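**Student:** Residue 107, in the numbering used here, is where the sequence shown stops; the numbers in between run on with no holes.
Beta carbons are placed, not taken as given, at the ideal position from N, Cα and C, and that holds for glycine.
Remember, it's a predicted structure, so these values are computed and weren't measured experimentally.
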Amino acid sequence: MSQPSNILVCRCDHYHMVSETACARLTEALGRAGISFESVADLCELAANKDPALAACANTDQFKIVACFRRAVKWLFARAGAPLDETRVELF
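(1) In chain order, what residues of the same chain lie with their CB nearer than 6 Å to the CB of Leu45, ignoring the 5 residues before and after it?
(2) Tell me Leu106's beta-bridge partners as DSSP assigns them.
(3) Starting from Leu61, trace the alpha helix (DSSP H) in both directions and tell me its first and last residue.
(4) Could you have a look at Val33 and say whether DSSP puts it in helix, strand or coil?
(5) Go ahead and pull the three-state DSSP assignment for Glu101.
(6) On a CA-only basis, which of Ala70, Val81, Ala82 is nearest Leu99? Give me that one, please.
(7) For Phe92, does the count of other Cβ atoms within 10 angstroms reach 16, so buried, or fall short, so exposed?
Encoded structure:
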């Protein structure tokens, strides 16, 4: 049985900062384990458009974000008006 998603995986489709192979292996492993996750094409684009989904992520306890660089992810969420509280969100 899958749990509600509290994992966000950025595929970095535009700049390829995260390898496609690594993303595929991760998402396949999560799927096999029955762990729910959300995969997005490009976190940078979501932040540039101030997507409200980012605020929802930032306000979720025990939320995990798998993306390129910690520093970049923190800035992207801040840019989107959804600063991350690292006591609630883990960055990988």
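**Tutor:** Let's see:
(1) Counting from one through the sequence shown, the residue named residue 45 turns up at place 30. Counting only Cβ-Cβ distances below 6 Å, and skipping sequence neighbours, we find Phe52.
(2) Taking the sequence shown and counting its residues from 1, one reaches residue 106 at position 91. Paired residues: Ile80.
(3) Taking the first residue of the sequence shown as position 1, residue 61 is located at position 46. Unbroken alpha helix (DSSP H) run through Leu61: 58-63.
(4) Along the sequence shown, one-based indexing puts residue 33 at 18. Correct three-state label for Val33: coil.
(5) Here residue 101 refers to the residue found at position 86 of the sequence shown. Coil, per DSSP.
(6) Looking up residue 99 in the sequence shown gives position 84. Nearest of Ala70, Val81, Ala82 to Leu99, Cα basis: Ala70.
(7) In the sequence shown, the residue the question calls residue 92 occupies position 77. So Phe92 ends up on the buried side.
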